[in-house]
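Encoded as structure tokens, the structure appears first; notes follow it.
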Amino acid sequence: MNTLCPNLKCTFPKSIIRDGTFRRREDAKVIQRYRCKNCDRRFSRATFSENYRQKKRRINTPLLKLLSSGMSLRRSALILRVNRKTIERKLPFLAMKCRRLNKNYLKKYKGRIHNIQIDDLITKESSKLMPLSVSIAVDENRRTILAMEVSQIPAFGHLSKLAVKKYGKRKDEHFEGLTRLFQTITPIVSTEVQVKTDEHQLYPGFISAYLPKARHLTFKSERGCVAGQGELKKVHFDPLFIVNHTCALLRANINRLIRKTWCTTKDPKRLKDHLDVFMYFYNHYLLNGA
Ligand SMILES: [Zn+2]
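The numbers in the working numbering rise by one with no breaks, and the one at position 238 of the sequence shown is 238.
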């Protein structure tokens with residue numbers, strides 16, 4: 001028995017004994033109870049579970065799959081027959097779990113990633129006047145998503161004047177977003193990694209600061225081939241195909257990233273949560289064909 005007494009002040013946390021069982025109401029599973037002989041603290045196997053005290057643990061896995069397959073929060077609630085608020089509360093919980101699993105998963109490739117592609121995908125928060133940038137890094141050889149970060153950016157093009165008039169000046173946090181992205185990928189990629197990007201002006205500075213030995217190749221960005229799928233390019237050979245294809249997959253499978261959708265992001269934090277859940281699903285289920 002490798003369980004320890006959960007009482008942090010306990011002087012002999014190993015002195016625990018079995019103390020009967022109980023039947024959990026939510027899923028009718030029999031759960032072992034324990035008692036600490038030293039401090040008399042009583043607890044159960046469930047005390048240590050990430051799902052401790054959750055009332056709808058059976059929906060965790062189906063919800064992860066639905067949210068990574070183009071389903072909206074509301075429709076997921078309808079299909080799983082739970083309240084919309086339950087789903088809203090589940091998303092940050094699932095994301096936290098996925099972030100930990102994603103990190104562990106990428107550890108096994110540490111230093112063995114030799115070719116990566118980086119790009120940014122533009123989406124919006126409530127309105128096009130409040131754009132968000134999703135920075136994404138993928139492994140070119142394995143297609144694994146290495147990191148995704150969300151940052152707010154000011155409106156651009158013909159919308160910029162209107163945006164300032166309506167919402168005031170919007171802070172550009174793209175630099176912070178890319179900082180988080182590079183902080184995540186630098187420890188996992190090989191020091192002499194080859195990085196392919198488009199001609200975005202912020203990339204060279206980050207690459208020379210975080211990956212000084214890297215080889216950076218830039219490519220002119222091309223026009224999209226299908227209306228609404230700007231990421232899939234018309235040219236015969238797209239050097240940034242892997243990252244563009246991943247962006248197209250994100251748009252197809254994360255409801256709030258679909259262009260011209262009714263579903264939009266109301267809170268950039270929740271978009272980050274949704275991306276982390278998708279990253280887990282993509283790296284574990286889609287790429288491994290499970
Ligand atoms: Zn104890």
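In this text, a Cβ means the ideal position worked out from N, Cα and C, and glycines have one as well.
Query raised in the report: Since Asn115 and Val193 are thought to touch, with beta carbons under 8 angstroms apart, how far apart are those beta carbons, to the nearest angstrom?
Result: For the purposes of this step, residue 115 is taken as the residue at position 115 of the sequence shown. For the purposes of this step, residue 193 is taken as the residue at position 193 of the sequence shown. At roughly 7 angstroms, the Cβ-Cβ gap stays under 8 angstroms, so Asn115 and Val193 are in contact.
Report task. Run the proximity test for Asn2: is its beta-carbon closer than 8 angstroms to any non-hydrogen atom belonging to ligand 1? Result -> Walking along the sequence shown from the start, residue 2 turns up at place 2. No, since every heavy atom of ligand 1 falls outside the 8 angstroms radius drawn around the Cβ of Asn2.
Query raised in the report: Counting by C-beta, which residues lie closer than 6 angstroms to a heavy atom of ligand 1, in chain order?
Result: Cys5, Asn7, Cys10, Pro13, Cys36, Asn38, Cys39 and Arg41
Query raised in the report: I think Leu146 touches Ile188, with their Cβ atoms under 8 angstroms apart; what is that distance to the nearest whole Å?
Result: One-based indexing of the sequence shown puts residue 146 at position 146. One-based indexing of the sequence shown puts residue 188 at position 188. Right, their Cβ atoms sit about 7 angstroms apart.
Requested in this report: Buried or exposed for Ala28, please, with buried defined as at least 16 other CB atoms from any protein chain shown within 10 angstroms of its CB.
Outcome: The residue you call residue 28 lines up with position 28 of the sequence shown. Exposed: under 16 other Cβ atoms inside 10 Å.
Query raised in the report: Using the rule of at least 16 other Cβ atoms within 10 Å of the residue's Cβ for burial, across every protein chain shown, is Gly177 buried or exposed?
Result: Start at 1 with the first residue of the sequence shown, and residue 177 comes out as number 177. Classification for Gly177: buried.
Query raised in the report: What does a CB cutoff of less than 7 angstroms around Asp19 pick up in its chain, not counting 5 residues either side in sequence?
Result: What you label residue 19 is simply residue 19 of the sequence shown in a count that begins at 1. These residues qualify, in order along the chain: Arg33, Tyr34, Arg35 and Arg42.
Query raised in the report: In terms of DSSP beta bridges, what is Thr123 paired with?
Result: Your numbering for residue 123 matches position 123 in the sequence shown. Per DSSP, Leu132.
Query raised in the report: With Lys37 and Ile16 assumed to form a contact (beta carbons below 8 angstroms), what rounded beta-carbon distance in angstroms separates them?
Result: Numbered from 1 along the sequence shown, position 37 holds the residue referred to as residue 37. Numbered from 1 along the sequence shown, position 16 holds the residue referred to as residue 16. Rounded, the Cβ-Cβ distance is 7 angstroms, consistent with contact.
Query raised in the report: Can you give the Cα-Cα distance for Phe237 and Thr3, rounded to whole angstroms?
Result: Counting from one through the sequence shown, the residue named residue 237 turns up at place 237. Counting from one through the sequence shown, the residue named residue 3 turns up at place 3. About 56 angstroms.
Query raised in the report: For the region 51-95, which segments carrying the alpha helix (DSSP H) assignment without a break, of at least 4 residues, lie completely within its bounds, in sequence order?
Result: 60-67 and 73-80
**Report entry** Val134 vs Leu257 beta-carbon contact at 9 angstroms
**Finding:** Counting from 1 along the sequence shown, the entry for residue 134 is found at position 134. Counting from 1 along the sequence shown, the entry for residue 257 is found at position 257. Yes, the pair counts as a contact, with Cβ atoms nearer than the cut-off.
Query - C-alpha gap between Lys97 and Leu91, whole angstroms - result: As a position in the sequence shown, residue 97 is number 97, starting the count at 1. As a position in the sequence shown, residue 91 is number 91, starting the count at 1. Each residue's Cα considered, the two are about 10 angstroms apart.
Query raised in the report: What's the gap between the Cα of Tyr285 and the Cα of Arg142?
Result: What you label residue 285 is simply residue 285 of the sequence shown in a count that begins at 1. What you label residue 142 is simply residue 142 of the sequence shown in a count that begins at 1. One C-alpha to the other measures close to 14 angstroms.
Query - Cut-off 7 angstroms between Cβ atoms - residues of its own chain near Ile242, not counting five sequence neighbours on either side - result: Counting from 1 along the sequence shown, the entry for residue 242 is found at position 242. Excluding residues within five positions, the ones whose Cβ falls inside 7 angstroms are Gln117, Val138, Glu140 and Arg143.
Requested in this report: Taking only the alpha-carbon atoms, compute the straight-line gap between Val226 and Cys5 and give it to the nearest angstrom.
Outcome: Here residue 226 is taken as the residue at index 226 of the sequence shown, counted from 1. Here residue 5 is taken as the residue at index 5 of the sequence shown, counted from 1. Summary for Val226: the model assigns pLDDT 49, below 50, so the residue's position carries little reliability, and this model does not support an answer.
Query - From Phe93, Ala163 and Glu50, residue whose alpha carbon lies closest to that of Ser126 - result: Here residue 126 is taken as the residue at index 126 of the sequence shown, counted from 1. Of the candidates Phe93, Ala163 and Glu50, the one whose C-alpha sits nearest the C-alpha of Ser126 is Ala163.
Query raised in the report: Taking all protein chains shown into account, do 16 or more other C-beta atoms lie within 10 angstroms of the C-beta of Asp172, making it buried, or fewer, making it exposed?
Result: Along the sequence shown, read from residue 1 onward, the residue named residue 172 stands at position 172. Under this definition Asp172 is an exposed residue.
Query raised in the report: What do you reckon, are the CB atoms on Leu63 and Leu101 nearer than 9 angstroms?
Result: Locating residue 63 in the sequence shown gives position 63, where the first residue counts as 1. Locating residue 101 in the sequence shown gives position 101, where the first residue counts as 1. Result no, Cβ atoms of Leu63 and Leu101 do not sit closer than 9 angstroms.
Query - Spatial distance of Thr264 from Ile79 (CA atoms) - result: The sequence position of residue 264 within the sequence shown is 264, counting from 1. The sequence position of residue 79 within the sequence shown is 79, counting from 1. Using only the alpha carbons, I get a separation of about 20 angstroms.
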